[in-house]
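Following UniProt numbering, the numbering of the sequence shown begins with 1 at its first residue and continues without gaps. Okay, structure first, notes after.
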Amino acid sequence: EIWRRFAEGERGRSIAALGGIRDRSSLALTAARMKNDTIFRDAAHHFLRLFDRMMTRFAGIAEDADITEFADTRTARAFMLLGRVAGTFD
Numbered sequence: 001e002i003w004r005r006f007a008e009g010e011r012g013r014s015i016a017a018l019g020g021i022r023d024r025s026s027l028a029l030t031a032a033r034m035k036n037d038t039i040f041r042d043a044a045h046h047f048l049r050l051f052d053r054m055m056t057r058f059a060g061i062a063e064d065a066d067i068t069e070f071a072d073t074r075t076a077r078a079f080m081l082l083g084r085v086a087g088t089f090d
């Protein structure tokens, strides 16, 4: 499971499938906001750090079905969008 690999610290292209957001408009708007709005950028990076820590803990206690269900939440989608823009999956 790719989410478990992320939780174990794997980064880059090998987990690129986690960055499942492909909507060009959403990506462009978010990238522009990250570039031009320092408060948004700081908040986004803070969110990514907290998500990283939370996912590491959650993966240690969750069943695969729990992780799959979590992947469909708005929180996980926000991570996918911000992670793509921030280069987490490059």
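Idealized CB from N, CA, C, for every residue including glycine.
Restricting attention to Ile2, Gly9 and Ala32, the CA atom closest to the CA of Gly19 is found in Ile2.
Straight through space, the alpha carbons of Arg4 and Thr68 are spaced by roughly 10 Å. C-alpha of Lys35 to C-alpha of Arg41: approximately 7 Å in a straight line.
Counted as a single uninterrupted DSSP element, the alpha helix (DSSP H) harbouring Arg74 occupies residues Arg74 to Ala86. Of the residues assessed, Gly83 falls on the buried side of the cut-off, its CB having 16 or more other CB atoms within 10 angstroms. Annotation for Val85: Leu27, Thr30, Ala31 and Met34 place their beta carbon closer than 7 Å to its own, counting only its chain and skipping 5 residues before and after.
Judged by DSSP secondary structure, Ile39 falls within the alpha helix (DSSP H) whose first and last residues are Thr38 to Ile61.
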